[in-house]
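> Numbering (this note's numbering), first residue to last: 37 to 255. Structure provided below as structure tokens; questions to follow.
Okay, structure coming up:
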């Protein structure tokens with residue numbers, strides 16, 4: 037689906053043109069579907085579902101949670117419309133050069149994550165010992181364990197040091213539902229959305245052989 041000319045990234049200039057300040061909620065719904073939902077589904081959610089469907093429970097939770105941590109940083113930066121650049125100052129020119137503060141503030145300020153991370157201390161524990169452990173060293177640290185299952189474990193248990201990757205995935209989906217609804221009428225979120233996808237499109241066009249939707253239509 038993402039390779040078709042009417043979806044992101046090929047069609048971003050056309051999609052963005054429909055997102056004027058007076059764009060209707062329906063136009064935003066269409067843009068969300070063609071950009072955000074398609075990208076997340078094909079690149080992240082479908083692979084997670086394929087891994088989960090194996091039901092081996094032999095350590096694949098580490099990979100699933102690593103992917104989810106990547107999604108989380110994307111969602112945090114999308115909400116602000118910021119882009120990562122090594123060495124960048126915090127928020128200068130809509131960029132950031134370190135992810136800790138981005139992660140911590142996102143977890144503490146946005147439901148349903150804020151229900152589980154009511155303090156910066158707890159969010160920092162997740163960032164340091166789960167997110168960074170998985171991303172940088174392919175392990176959780178300080179005794180944290182990854183579990184699965186719908187009811188056996190809550191999303192995160194700071195006393196037992198258990199994180200439930202299935203519940204974490206459900207929290208991501210819950211956040212996305214709220215974000216989609218808010219995006220239909222929140223000008224700040226809309227501006228941030230366009231900045232973020234402008235940047236993704238910019239980097240996509242650098243790929244060899246990239247063809248825009250307009251170029252496809254003219255062939």
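Even glycine gets a Cβ: it sits at the ideal position worked out from N, Cα and C.
(1) Would you say residue 133 and residue 145 are within 7 Å of each other, going by their C-beta atoms?
(2) From residue 44 to residue 232, what does the alpha carbon distance come to, in whole angstroms?
(3) Which residues mark the beginning and the end of the alpha helix (DSSP H) in which residue 208 is found?
(4) Which ranges does the alpha helix (DSSP H) cover as unbroken runs of at least 4 residues, wholly within the segment 44 to 129, from first to last along the chain?
(5) For residue 140, does the three-state DSSP call read helix, strand or coil?
(6) Evaluate contact between the segment 44 to 55 and the segment 225 to 241, counting only Cβ atoms and requiring at least three cross-stretch pairs below 8 Å.
(7) DSSP three-state call for residue 161: helix, strand or coil?
(8) Should residue 135 and residue 109 be called a contact, given that it needs their Cβ atoms to be closer than 7 Å?
(9) Could you give the C-beta distance for residue 148 and residue 106, rounded to a whole number, given that I count them as a contact under 8 Å?
(10) To the nearest angstrom, how far is the alpha carbon of residue 225 from that of residue 59?
(11) Residue range of the beta strand (DSSP E) that residue 181 falls in?
(12) Residue 132 bridges to which residues according to DSSP?
(13) Using C-beta distances below 7 Å, list every residue in its chain close to residue 37, excluding the 5 sequence neighbours before and after it, in chain order.
(14) Relative to the C-alpha of residue 61, which residue among 220, 85, 196 and 54 is closest?
(15) Would you check if the distance between the CB atom of residue 194 and the CB atom of residue 104 is smaller than 7 Å?
(16) Within a Cβ cutoff of 6 Å, which residues of the same chain sit near residue 63, ignoring the five residues on either side of it in sequence?
In this structure, then:
(1) no
(2) Cα to Cα, the separation comes out at about 13 Å.
(3) 201 to 219
(4) For the segment 44 to 129, the continuous alpha helix (DSSP H) assignments of 4+ residues that do not extend past its boundaries occur at 48 to 53, 61 to 68, 82 to 89 and 96 to 116, in sequence order.
(5) helix
(6) yes
(7) The answer is helix: DSSP assigns residue 161 an H, G or I state.
(8) yes
(9) With a Cβ gap of about 19 Å, residue 148 and residue 106 do not count as contacting.
(10) Residue 225 and residue 59 have their C-alpha atoms roughly 13 Å apart.
(11) 181 to 183
(12) In DSSP, residue 132 forms a bridge with 120.
(13) Confidence in residue 37 is poor, its pLDDT being 40 and thus under 50, which makes the residue's placement too unreliable to answer from.
(14) 220
(15) no
(16) 54
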